[in-house]
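Residue numbers (this note's numbering), protein chains in the order written: chain A, 4 to 269; chain B, 603 to 866; chain C, 4 to 283.
A short write-up of the structure that comes next.
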Amino acid sequence: MKARFALGQYTYTNSLLHKLDPRVKILLVFSLVVFLFFVRTITGYLILFVFACSLVVLSKNSFSSVFRSLRPILILLLFTAVFQIFFTPGRLIFEWRFIKITAEGLRLAIYISIRLILLSFFTFILTSTTSGIELTDGFEALISPLKIFRFPAEEVSLMISISLRFVPVLFEEADRIMKAQMSRGAEFNKGSLVNRARSFLPLLLPLLLNALSRADRLAIAMESRGFVIGKKRTRYREMKLSRLDYVAIAITVSVFVFALVVKEIV
Amino acid sequence: MIRFENVFFSYGDKWAVQNFNLTIRKGEFVALLGSNGSGKSTIARLANGLFLPNKGSVFVDGFSTSEIGEELKAKVGLVFQNPDDQFVGTTVEEDIAFGLENLAVEREEAKRRILEISELLDIGKYLRTSPSMLSGGEKQKVAIAGVLVMQPRYLILDEITALLDPVNRKEIFDFVFQLARRKNIGVLYITHISSEALNADKVVVLHGGKKVAEGIPAEVFRNFSLMESVGVSVPDSFYLSNELYKLGITTKDVLNEEDFLKIL
Amino acid sequence: MIVLENVSLTYDSGTIFQKAAIKNVSLSIRKGESVSIVGKIGSGKSTLVQFFNGLIKPDSGKVFVGGEDLGSKETNLKSVRRKVGLVFQYPEEQFFAETVFDEVAFGPKNMGLSGKELKDAVWQSLSDMGFNPSDVANLSPFGLSGGEKRRIAIASIIAMNPEVLVLDEPTSGLDYTGRNLLIEYLKNENKKGRTLVFVTHNMDEALEVSRRVIAMKDGKKVFDGNSEDFFTSEELVYGIGLDVPFVVKVWKKLKKRFPELPFCRSSKELVDFLYGGPAR
Chain A
4 MKARFALGQY TYTNSLLHKL DPRVKILLVF SLVVFLFFVR TITGYLILFV
54 FACSLVVLSK NSFSSVFRSL RPILILLLFT AVFQIFFTPG RLIFEWRFIK
104 ITAEGLRLAI YISIRLILLS FFTFILTSTT SGIELTDGFE ALISPLKIFR
154 FPAEEVSLMI SISLRFVPVL FEEADRIMKA QMSRGAEFNK GSLVNRARSF
204 LPLLLPLLLN ALSRADRLAI AMESRGFVIG KKRTRYREMK LSRLDYVAIA
254 ITVSVFVFAL VVKEIV
Chain B
603 MIRFENVFFS YGDKWAVQNF NLTIRKGEFV ALLGSNGSGK STIARLANGL
653 FLPNKGSVFV DGFSTSEIGE ELKAKVGLVF QNPDDQFVGT TVEEDIAFGL
703 ENLAVEREEA KRRILEISEL LDIGKYLRTS PSMLSGGEKQ KVAIAGVLVM
753 QPRYLILDEI TALLDPVNRK EIFDFVFQLA RRKNIGVLYI THISSEALNA
803 DKVVVLHGGK KVAEGIPAEV FRNFSLMESV GVSVPDSFYL SNELYKLGIT
853 TKDVLNEEDF LKIL
Chain C
4 MIVLENVSLT YDSGTIFQKA AIKNVSLSIR KGESVSIVGK IGSGKSTLVQ
54 FFNGLIKPDS GKVFVGGEDL GSKETNLKSV RRKVGLVFQY PEEQFFAETV
104 FDEVAFGPKN MGLSGKELKD AVWQSLSDMG FNPSDVANLS PFGLSGGEKR
154 RIAIASIIAM NPEVLVLDEP TSGLDYTGRN LLIEYLKNEN KKGRTLVFVT
204 HNMDEALEVS RRVIAMKDGK KVFDGNSEDF FTSEELVYGI GLDVPFVVKV
254 WKKLKKRFPE LPFCRSSKEL VDFLYGGPAR
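If you want it as structure tokens, here you go:
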């Protein structure tokens, strides 16, 4: 029985967006998120929203999966919006007993909600079209200038990709150990909080011990395959900028600029 | 040639290997047998320089393992029992490439070698798959590919079939046996499945870190009482063919299964 | 004792990963039997035995243990797990206690034993598995040899005194000596009346230990009967993707020459009979 674990819901749908260089994708999404806060008009947000939706279509994802990814932030959204609506000082447009709603509050609430939604959209597009490994490579490439300060960028990236590889393995192992202990009468969801915490020892300790000995064996295997920390290595996975990447950068930048300067139509 | 010369190795204050001598020539298939804890795995790690002897030396093509550096790992490839403990990459292709990255092989050459190896092992269709999705036998093939791609002259195989079912076991064994013959690779084949040792050029038996027997399979296995006392099983076919010959039921004292069944 | 009626299970149903693991299997295991469930890796045999103690529930069909329906809400699964002791592959990987005693006592303790009763249960199971209890009780389970760890792990299940002992590939990873010892102890358990269910792809062991064989292929039960009938049929054995034990191949050929030769379950048995029997 395998635990279905989707890290950022990466699904290989072979879309145009999947073919982009991860460095480009990370930088663009990062900039989009930052620029979100510079856009001041509803029209601007509308343009960005249309852009986001077209990206979803391009990525061959379904809108239902996008909305599902919004669920975790819904509460945050609601909370922030309500907070802004009721507690922002300004020109009153509605009053009933102690409840005051201002125009500014309404405006801010709408802006913040739109920003949060757009943020989720863009993040979803990034994680659904970029695998864990690509993201790691992208980040490594972007932080590699830090190597000047002796930051072990390559080793960190290797650590991250190996960890990613082992996540499903650990889940399976935990499942196995849990079943083995249950076969000995262990119960994991009964009793007081203290009892429940205690009942996790027969699960966590073997898991930890196995993980440690596995790490040991893996290190030996890596060494046997010639791995030496600090020695020069070539990189098999390549990240090459293609024409598609330049097009993507161009389009994204134009959309920014447009959204930024467009006069308020609404 | 890999040469163990009066090798001693200890973990802390316990001797794991004592006064061990062995040669493995290019193209030779040497089987190493012994019960758990006899020192087999230690020998494997001494052969590729992972461990260095406390006393004595291990020579690979004339150079001591304490002198050569990482090139040794390319010359002497080591494959372990559990492929899950060896995988580094998130796809088969990436994993096989790991060794080549370590050797600083350029991408073009790496791609070529990987394609060649995956064709040889018939795992081409899995290149983009995650290793954890494969069956036991296929996983082991990927692990072997990851080592073969480094073009070793010698292979140390540490119980690589122990976790497989009988059909996969035979497939993997036949593959490495034939490959070694074809490419003139010297093999140290460590196993506790005695029948696999029947085809070896030479069988070595370890007990308590010491060599207790060495010779051609027939010579070594003939000594039933010794095998029993050191916890090594005598292959069924050998035992039966021997006993039936003694009983006069068969006319020849043969070795392996197919020949024996034909005689019957 | 254990009855499965038309049991089926599909993994990840409804998704694109859907895979049928068990297809409409019915069987019954009787008290005192020694049964081997054989099949390739992936045939469903390991999944099948997880129904026996309620670890997993079938999508359709029923599972009964000692007459109780495991699907019913009234059934206490914990008591089922005492009756049907399941030993997973590489059981020593579940060790977590400081002493052998604590490790072996974990099971019976969870089942409500304490004090003298608990100690007796632990002592008994340790000696059943070939240990001198006072020698090992205070040792750390992690410091033992591979074969010893395996037997301690099995002892920790036997300590609950289950009526049925189910073992998934109990000899995997053991060397020749460790394996032989374990097989002997398991055969003893069966002689004492404990029902034994052995899940394995090792035909030689299945032949040696069990009178009855259930063969699995692609989630379906393809044979259920006498082990002699199974192992002597090349069609059946090759049909599930495994190989006929060598000793059976030899036996078949020899039987033509020595019709009185009884069915032999190991090479030693064969040779012993020949020495005692028609030696020329």
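C-beta: ideal position from N, C-alpha, C; glycine also.
{"Check": "Identity of the residue in B:S734, B:K628, B:A747 and B:L866 nearest P171 (chain A) by Cα", "Outcome": "B:S734"}
{"Check": "Residue-chain proximity (N79 (chain C), chain F), Cβ-Cβ < 8 Å", "Outcome": "Of the protein chains in the structure, A, B and C, none is chain F."}
{"Check": "Whole-angstrom distance between N64 (chain A) and L30 (chain A), CA atom to CA atom", "Outcome": "21 Å"}
{"Check": "Chain B within 8 Å of V229 (chain A), Cβ atoms only", "Outcome": "Reading off the sequence, residue 229 (chain A) comes out as Gly, not Val. Yes, G229 (chain A) counts as interfacial toward chain B."}
{"Check": "Any chain A beta carbon closer than 8 Å to I2 (chain C)", "Outcome": "Residue 2 (chain C) falls outside the range modelled here, since chain C spans only 4 to 283, and no answer is possible."}
{"Check": "Run of the alpha helix (DSSP H) containing G739 (chain B), from where it starts to where it stops", "Outcome": "G738 to L750"}
{"Check": "Interface partners of L204 (chain A) on chain C, CB under 7 Å", "Outcome": "F99"}
{"Check": "The segment 122-149 of chain C: positions lying closer than 8 Å to chain B by Cβ", "Outcome": "S148 and G149"}
{"Check": "Chain B contact for D178 (chain C) (CB, 8 Å cutoff)", "Outcome": "yes"}
{"Check": "The segment 132-152 of chain C / the segment 93-106 of chain C touching (three or more Cβ pairs under 8 Å)", "Outcome": "yes"}
{"Check": "CB contact check: P171 (chain A) to chain B, cutoff 8 Å", "Outcome": "yes"}
{"Check": "Pick from C:G228, C:G150, C:L89 and C:T78 that is closest to I180 (chain A), judged by C-alpha positions", "Outcome": "C:L89"}
{"Check": "Beta-carbon spacing of I746 (chain B), V681 (chain B) below 8 Å", "Outcome": "yes"}
{"Check": "Under 8 Å from the C-beta of S159 (chain C): neighbouring residues of chain A", "Outcome": "R187"}
{"Check": "Of the residues C:V10, C:N56 and C:V41, the one placed nearest M4 (chain C), counting alpha carbons only", "Outcome": "C:N56"}
{"Check": "Chain A within 8 Å of Q21 (chain C), Cβ atoms only", "Outcome": "Residue confidence for Q21 (chain C) is low, a pLDDT of 49 falling below 50, so the modelled location carries little weight; the figure read from the coordinates is stated next. Q21 (chain C) does not count as touching chain A."}
{"Check": "is_contact[E241 (chain A), chain B] using C-beta, thresh 8 Å", "Outcome": "yes"}
{"Check": "Exposed unless 16 or more other CB atoms sit within 10 angstroms - verdict on Q683 (chain B)", "Outcome": "buried"}
{"Check": "Minimum Cβ-Cβ distance from P768 (chain B) to chain C less than 8 Å", "Outcome": "yes"}
{"Check": "Straight-line Cα distance separating L765 (chain B) from S175 (chain C)", "Outcome": "7 Å"}
{"Check": "Nearest-angstrom Cβ-Cβ length linking L127 (chain A) and V69 (chain A), presumed shorter than 8 Å", "Outcome": "Checking the sequence shown, residue 127 (chain A) turns out to be Phe, not Leu. The pair is a contact, with the Cβ atoms about 6 Å apart (cut-off 8 Å)."}
{"Check": "Contact between the segment 200-215 of chain C and the segment 646-665 of chain B (3+ Cβ pairs under 8 Å)", "Outcome": "no"}
{"Check": "Spatial neighbours of G641 (chain B) in its chain, beta-carbon cut-off 6 Å, leaving aside the 5 residues before and after", "Outcome": "A618, V619, L808 and G811"}
{"Check": "Min CB distance N858 (chain B) to chain C below 8 Å", "Outcome": "no"}
{"Check": "Collapsed DSSP secondary structure at T13 (chain C) in the structure displayed", "Outcome": "strand"}
{"Check": "Beta carbon proximity, E710 (chain B) to chain A, threshold 8 Å", "Outcome": "no"}
{"Check": "Proximity test, Cβ basis, 8 Å: Y841 (chain B) and chain C", "Outcome": "yes"}
{"Check": "Residues of its chain near L723 (chain B), where Cβ-Cβ distance is below 6 Å and the 5 sequence neighbours each way are ignored", "Outcome": "K743 and A747"}
{"Check": "N-terminal and C-terminal residue of the alpha helix (DSSP H) that D105 (chain C) is part of", "Outcome": "V103 to N113"}
{"Check": "Per-residue DSSP class, three states only, for H794 (chain B)", "Outcome": "coil"}
{"Check": "Through-space distance from W126 (chain C) to T198 (chain C), alpha-carbon basis", "Outcome": "21 Å"}
{"Check": "Which listed residue (B:S732, B:A782, B:D861 and B:Y728) has its alpha carbon closest to that of L750 (chain B)", "Outcome": "B:A782"}
{"Check": "Validate contact between the segment 611-631 of chain B and the segment 221-234 of chain A using beta carbons, cut 8 Å, 3 pairs", "Outcome": "no"}
{"Check": "Spatially closest choice to V778 (chain B) from B:D767, B:P768, B:D838 and B:Y791, by CA coordinates", "Outcome": "B:Y791"}
{"Check": "Same chain, Cβ closer than 7 Å to F611 (chain B), five either side skipped, listed in chain order", "Outcome": "A618, V619, T644, L648, F653, P655 and N656"}
{"Check": "CA-to-CA distance, I160 (chain C) to V216 (chain C), given in whole angstroms", "Outcome": "23 Å"}
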